[in-house]
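I have placed the structure first, in the form of structure tokens, so that the comments after it can refer back to it.
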Amino acid sequence: MTGSTEKRMAPARFGQSELGAVATMAWRATARAFRMNATTSIGAIALLIIVLSALLAPWIAPYDPLEQNILESLQPSSALHWLGTDYYGRDTLSRILYGARLSLLIGLLSILLAVVVGTLIGLVSGYFGGKLDIVIMQVMDVILAFPSLILGLILVAMLGASVTNLILAIAFTAIPAFARIARAPTIALREREFVQAGRALGYSDSRIMFRHLLPNIVPDVLVMASLWMATAVRVEASLAFIGLSVAPPTPTWGGMVREGFENILDSYALALFPSLAVLILVLALNLIGDGLRDAIDPNLRTES
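Dropping the structure here:
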């Protein structure tokens, strides 16, 4: 065998070309979603507004979110405080803007971690199959048996309430979903002709999985990621509501809802406005997920 042939058949490592293929597939699926579904654009605009508001909070928030003024406790909406004040006289709008930072941070990082770990597990399980696949999927089934909120509550209660522990707990609850969404198409694709050709050319298992299989499952993972980020935001808000999130006085939407319920007879707006913030963010993420799902539907793909 000649040197050029040996070089051609040598196993290739996962590198920039593989990352480029995955990024291209993700971009195409996202662009197709915006072309096919108008509600996706609505969700994206709402999400963009929330993200920009969180990023620009130090400049657009009218007050320091931690600044207390007991003399202005439980004030209704006014020209000075657009959304009123809480029990300690802190500006509600400022706290909502800063609370968005924490919700987006926890949601994004937890789902990114779940995507990476869960997709890798699903690829390995589906590609190799056999006893390894059985053991991995049984473990995933055990985790899936617990509702995400209950499992997150157990983990945060054991690890302690902090941003890092919240991210780890929420990511752990989401890993089985991404493992399953990656495993199913991997099983369907592993015996296809292009995979067999790669094996015949001497490609390594890692190259086949990451270069040839991963780009084909990216759209499914994107849909699951958008939907599960909405779940992550909801779980974080729920944990904050029962006191298992970042300690006060750091503003969190769930914590603000809890404080609002404690004073709901004096000012219903304290619970209403942060609840609406959670609702809008979750709705925006779900609209984006629905659009991505429609974009990767084989029955609709040919129309774009």
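Using UniProt numbering, read the sequence shown as starting at 1 and increasing by one per residue. Backbone N, C-alpha and C define an ideal beta-carbon position, used for all residues, glycine too.
Query raised in the report: I170: which of E72, G118 and Y88 sits nearest, CA to CA?
Result: Relative to the Cα of I170, the nearest Cα in the group E72, G118 and Y88 belongs to G118.
Report task. Could you check the C-alpha separation between I121 and A188 for me, to the nearest Å? Result -> The straight-line gap from Cα to Cα measures roughly 16 Å.
Query raised in the report: Can you tell which of F210, T231 and Y87 has the C-alpha that lies nearest to the C-alpha of F261?
Result: Y87
Query raised in the report: Would you call the segment 104-114 and the segment 174-187 in contact, with 3 or more CB pairs under 8 Å?
Result: The segment 104-114, when compared against the segment 174-187, does touch it at the 8 Å Cβ threshold.
Query - residue 305 burial status per 10 Å Cβ neighbour count (16 or more: buried) - result: Given a span of 1 to 304 for the chain in the structure shown, any question on residue 305 remains unanswerable.
Report task. Using the Cα positions of T186 and V195, report the straight-line distance between them to the nearest angstrom. Result -> 11 Å
Report task. Evaluate I217 with the Cβ neighbour count: other Cβ atoms within 10 Å of its Cβ, from every protein chain shown; 16 or more gives buried, anything less gives exposed. Result -> I217 is buried by the Cβ-count criterion.
Query raised in the report: Measuring CB to CB, does P62 end up less than 9 Å from S94?
Result: Going by C-beta atoms, P62 is nearer than 9 Å to S94.
Query raised in the report: When you compare only the Cα positions, how much space is there between E184 and M229?
Result: Here residue 184 is Ala; the residue named in the question, Glu, does not match the sequence. Roughly 21 Å separates the two Cα atoms.
Query raised in the report: Mind checking whether the beta-carbon of I217 lies closer than 8 Å to any heavy atom of the ligand FAD?
Result: In terms of ligand content, the structure shown is empty, and the ligand FAD therefore cannot be addressed.
Query raised in the report: Counting pairs of beta carbons, one from the segment 247-262 and one from the segment 223-237, are three or more of them closer than 8 Å?
Result: yes
Query raised in the report: Does the separation of the CB atoms of P289 and S226 fall below 9 Å?
Result: The sequence shown places Gly at residue 289, not Pro. Yes, the pair counts as a contact, with Cβ atoms nearer than the cut-off.
Report task. Below 6 Å CB to CB, which residues in the same chain sit around L281 once its five sequence neighbours on both sides are set aside? Result -> I50 and V233
Query - R293 to A44 span [Cα, whole Å] - result: Going by the C-alpha atoms only, they are around 15 Å apart.
Report task. Pick out whichever of W82, R211 and M140 has its Cα sitting closest to the Cα of I181. Result -> M140
Report task. With a 10 Å radius around its C-beta and 16 neighbouring C-beta atoms as the bar for buried, classify P249 as buried or exposed. Result -> exposed
Query raised in the report: Quick one: Cα of T160 to Cα of T173, how far?
Result: The amino acid occupying residue 160 in the given sequence is Gly; Thr does not appear at that position. Going by the C-alpha atoms only, they are around 16 Å apart.
Query - Beta-carbon separation (whole angstroms), A284 vs A46, contact threshold 8 Å - result: 4 Å
Query - Alpha-carbon to alpha-carbon, Y127 and A269 - result: Using only the alpha carbons, I get a separation of about 52 Å.
Query raised in the report: Roughly how many whole angstroms lie between the Cα atoms of A57 and E67?
Result: 15 Å
Report task. Determine the burial state of D220: buried for a count of at least 16 other Cβ atoms within 10 Å of its Cβ, exposed for fewer. Result -> buried
**Report entry** 8 Å Cβ shell around I60 - same chain, five flanking residues per side excluded
**Finding:** The beta carbon of I60 sits closer than 8 Å to those of S53 and L97, all from its chain and outside the five residues before and after it, given in chain order.
Query raised in the report: With DSSP run on the structure shown, which of helix, strand or coil describes D141?
Result: Helix.
Requested in this report: To the nearest angstrom, report how far apart G291 and N69 are at their CA atoms.
Outcome: 45 Å
Query raised in the report: Do you know how far the Cα of N165 is from the Cα of V124?
Result: Between V124 and N165, the C-alpha separation is close to 27 Å.
Query raised in the report: Can you tell which of D91, A145, M224 and I167 has the C-alpha that lies nearest to the C-alpha of G107?
Result: When only C-alpha atoms are compared, the closest one is I167.
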